[in-house]
Amino acid sequence: MNYQETEKKWQKVWEEKKIFSTPSNPKKKYYVLEMFAYPSGDIHIGHFRNYTIGDAVARFKKKQGYDILHPFGWDAFGLPAEEAAIKRKIHPREWTLNNISVSRSTLKQVGISYDWDREIITCLPDYYHWNQWIFLKMFEKGLAYQAKSLVNWCPGCKTVLANEQVQEGSCWRCHEQVSKKELLQWFLKITDYAERLLNDLDKPLKWKETIRQPDGSDKPMEKPIEWPEHVKTMQKNWIGRSEGGKIIFKLDTDETEPVTELPVFTTRPDTLFGVTFISIAPEHPLTQRLIKKQPQEKEVLDFIKKTVLQSEMTRTAAGEKNGIFTGRYALHPFTGEKIPIWIADYVLAGYGTGIVMGVPAHDQRDFLFAKKYGLTIKIVILPQNQTSEPLTQAYEEPGIMVNSGEFSGLESERGKKKIIEKLKEKNLGDFEIKYKLRDWLISRQRYWGTPIPIIHCPSCGTVPVPESELPVKLPDNIQDFIPKGRSPLEDVKEFFITACPKCGKQANRDPDTMDTFVDSSWYFLRYVDSKNEKLPFDPEKANQWMPVDQYIGGLEHATGHLLYCRFITKVLHDLGYVNVEEPAFRLFNHGMVLDKQGEVMSKSKGNVVSPAYLMEKFGVDASRIAMFFAAPAEKELLWNEEGVGGAVRFLNRIERYAENALSDSPQIAIPVTSSNTLKPSPQQVKVMEGTAIDPPAADSSVHDSPVLTIKLHATIKKVSDDLERFSFHTAIAALMELLNLMEEETKQGGVPLSQAKHCLEIFTHLLSPFAPHFSEEIWEKLGKPPSLFESPWPTPDEKALLSTQPITADQIRSALKGEIELVVQINGKVKEHLTAPMNLTEEEIKTKTLELPKIKAQIDGKEIKKMIVIPKKLINIVV
RNA sequence: GCCGGGGUGGCGGAAUCGGCAGACGCACGGGACUUAAAAUCCCGGGUCCUGAAAGGGGCGUGUGGGUUCAAGUCCCACCCUCGGCACCA
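Remember, my numbering sits 1 above the position in the first sequence when you count from 1.
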């Protein structure tokens, strides 16, 4: 088969017949979505793997009768476009759109079943218009706000970063060490949704009725999202909920100072009586006031200066903790005792209140700090039935409270509650829940992004751009993309200087652009109505198609994109634009593609494999089969070209079988020399012992091979189940087994032409999600009308299925004789096999087993303690 | 340090509910066909011991223990490895 011709031929048919167009009124919908692509050059083999998985799912579901939505688009804003612009002196738009057209053409050539009519490109105004719209809706609700705070600053990219974009203290993109800066920035209030984002990971949610039940029916259902457990766990850790309490320590003051409160957050209120110091983050605004006019003022200021300048990495690296005494004291809320206030570098300004109560006996960090500076260590929790002994490290487990006034003797878990309750009465504390999750910082001081639709007016303040004036277009005429630490848009006067929508006086636009994760946080909703000019999408259409039934992408987005898109979906839900509360019902994470040595593919290493190259060399279908077969889809794949040979051979064998089965005078099999030349030479037309498959018998007196029939139905079941659970490699292995048996049986002369054809037909259906072009071609050769993808997926005949699965040909043969092969073990070790009629009683089986010569010999003289008979499986003799 | 995944032939991997470990394939070795090569087809293979051979026996799923008639699968402890988080009070 000439694969290149075949590929083109069927891609054209699919397009002409609009096979993959989305139906407008879905009855039984299925939304398959792969994460869209960032267009940097052409797509690579990693993308190819991702999209091929989605393609197989979409084709399988289509054949099962679902109305499919399977769209694609481009995550087109972002820094690399600017970098390219600086390096090559071309406009980011040009670079981006060029890459899109190259990548799109590759994707079309590999025949992924997208509905290209719904394609979206986020850097075009008809898309980012709606980023701005969503931003304004959130601004109205108080979910978008501007605040001055300590934010992550990347000196490499010269812009701020969201928490999710800082990895091990470095920038996710350029890997420079991230520092902290205090800046006025825009945030989205994801923390308001922390509790829901956490709960909805496990809470049963109502889904529309078209999601299929395991039993095949289509009932409404209530169940939690089906996401991999590790993704859920990562999100839970990221959200980081902790229950505890807020406790107020009052500053020890004289009359000259106002009453000052030092609130702390703790998860261990039960250790309150063990507090021997208070520590405050160096960045905390209160510190400056505390130390004013203290004798050690200068030293403390020096310490703060030094610490704040250090990068987060060095500060948090080792266990070493540094601090300095402020000279001030706080008062214990129960005892009134004076407690020294320290400034400590291990206290984070951004979490809790930025002030911590130091309990060295029961917190390892406080312990190390106290040891270093010679502070008191006071034990207030003891393990059950133990007496107090000097500690070598903090005791952090629960226990019995001691030295805790009226609370002594209480079990610590109960004590937590009691202490807070008492403090609440005294107005010195309350129960509180804190999250590690911070609000989502979305402003970026860069050009290539969505302009923030806000105008800053000297008299009216922060004014949103009216909806009717959207989109605020990104200006084209920009000279300089080199980052300077403030947005380049500030230098584009026509853009930056504008009139205030309220008072009409001269005002400035907000010069920052949005984080590109805003674009990807709702794109799946745009696909349902990608050309809408009035709204980001029609709610009715969204309710028809949402949620995404199957989302497919890499694990790198577990705490970034996958959290943001859940957040924005909930916001849009609350605003009444969509019914679902979660964007995707099922999530699948595919593994990465690495090179032979297990190294990540990258341009700089020069080890990138392009789909275009594979297409050229092996054809799309053989490449797909090789990729599916090489490793489970969720695991990483070490790409090795040698594997493709096996895939090519597999397809050739199918083709050869088809040629034999379908030839007018099926007398012989013809060895195929290469996939392109199928011309039998006279020498080749010679039956050679062992060289070829004998033809399927045309003679109708030959009866169907029952072994093959049973295997065929077992394979239908196996492949269907495997597709459902994303086990593509075992599905292909099952097809290989079937082909092996088809050949073997045919060779024995036991397969009539009609059965050979029937097998091939079913085979073609089962192969089609993996090798779509090839399957269409065989389908056509079988005399079937195109397209194979309009023809339904086969279902196994239950009567032809054996109860035991999986089954080998030999097992089927025994079964056909009404016999079953049982394993005979002695003390759990396999010694013999017993072939016996299927319906023997346990007693008969026992007798037969003991008659086996080998078994007789082995148990000779030993006492049989017990015999265990597992019906249809095995006999174990215990001696 | 904490959380999660994983460890099975030369390699990728299979074993879906505790019941024949190594399906399927790659690479390899032998053979057939060929002037030759390629292609194709056939055969082989966990490992050790024993035997001239047919055969027979033992050991085998990271390590050590346990539960069970039976463990790759369940439990406990540990080692290695990959990924995430990392002073979150």
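Glycine included, each C-beta is placed from N, C-alpha and C at the ideal position. Computed from a predicted model, the values in this text were never measured in an experiment.
By how many angstroms is the C-alpha of residue j removed from the C-alpha of residue i?
i, j, result
"Cys172", "Asn164", "10 Å"
"His457", "Thr463", "5 Å"
"Ile569", "Glu227", "19 Å"
"Lys209", "Met222", "7 Å"
"Met36", "Leu198", "20 Å"
"Ile356", "Trp187", "25 Å"
"Leu875", "Val649", "40 Å"
"Thr254", "Phe274", "22 Å"
"Pro854", "Glu843", "19 Å"
"Ile248", "Leu424", "8 Å"
"Lys882", "Met515", "Lying before the first or after the last residue shown, residue 882 is absent from the chain, which here runs from 2 to 880."
"Thr731", "Pro205", "31 Å"
"Pro787", "Asn544", "33 Å"
"Ser25", "Asn580", "19 Å"
"Glu762", "Phe73", "31 Å"
"Thr107", "Asp539", "31 Å"
"Gln166", "Leu564", "13 Å"
"Val673", "Ser664", "With a pLDDT of only 29 at Val673, under the threshold of 50, the placement of this residue in the model should not be trusted, and no figure is reported."
"Gln598", "Asn641", "9 Å"
"Ala350", "Pro264", "13 Å"
"Val880", "Lys832", "13 Å"
"Pro384", "Gly410", "12 Å"
According to DSSP, residue i sits in a beta bridge with which residue or residues?
i, result
"Lys247", "Phe266, Asp431"
"Val752", "Val752 is not bridged to any residue."
"Pro795", "For Pro795, which the question treats as bridged, DSSP gives no partner whatsoever."
"Asp811", "Bridge partners of Asp811: none, in fact."
"Trp75", "Ala38, Ile122"
"Ser405", "Answer by DSSP bridge pairing: none, since Ser405 is not bridged."
"Pro838", "Glu820"
Relative to the C-alpha of residue i, which candidate in the options has its C-alpha closest?
i, options, result
"Arg174", "Lys182, Leu162, Ile479, Glu183", "Leu162"
"Val621", "Asp705, His774, Asp530", "His774"
"His92", "Pro793, Phe482, Ser488", "Phe482"
"Pro548", "Leu70, Lys866, Phe266", "Leu70"
"Arg329", "Ala350, Ser280, Thr377", "Ser280"
"Tyr396", "Thr272, Cys501, Ala145, Lys873", "Thr272"
"Phe278", "Met235, Lys237, Glu491, Thr377", "Thr377"
"Ala371", "Ala508, Pro341, Asp477", "Pro341"
"Gln12", "Gly337, Asp116, His45, Leu349", "Asp116"
"Gly406", "Ile382, Lys62, Pro399", "Ile382"
"Gly561", "Ile626, Leu442, Gln507", "Leu442"
"Lys636", "Tyr4, Val301, Phe432, Arg50", "Arg50"
Which of the three DSSP states is assigned to residue i in this structure?
i, result
"Met616", "helix"
"Trp117", "helix"
"Asp303", "helix"
"Leu783", "coil"
"His363", "helix"
"Thr254", "coil"
"Lys425", "helix"
"Tyr67", "coil"
"Pro872", "coil"
"Trp187", "strand"
"Ile453", "coil"
"Lys372", "helix"
Output the boundary residues of the alpha helix (DSSP H) element that contains residue i.
i, result
"Ile569", "562-575"
"Lys355", "Here residue 355 is Gly; the residue named in the question, Lys, does not match the sequence. Here Gly355 belongs to no alpha helix (DSSP H), and DSSP marks it neither H nor E."
"Ala85", "80-89"
"Val708", "707-725"
"Trp131", "126-141"
"Asp56", "46-64"
"Glu643", "643-663"
For the beta strand (DSSP E) that residue i lies in, which residues bound it at each end?
i, result
"Pro465", "462-465"
"Phe586", "585-590"
"Asp550", "549-554"
Cβ of residue i within 6 Å of any heavy atom in the ligand FMN?
i, result
"Arg510", "What this structure holds is no ligand at all, so the ligand FMN is not there to describe."
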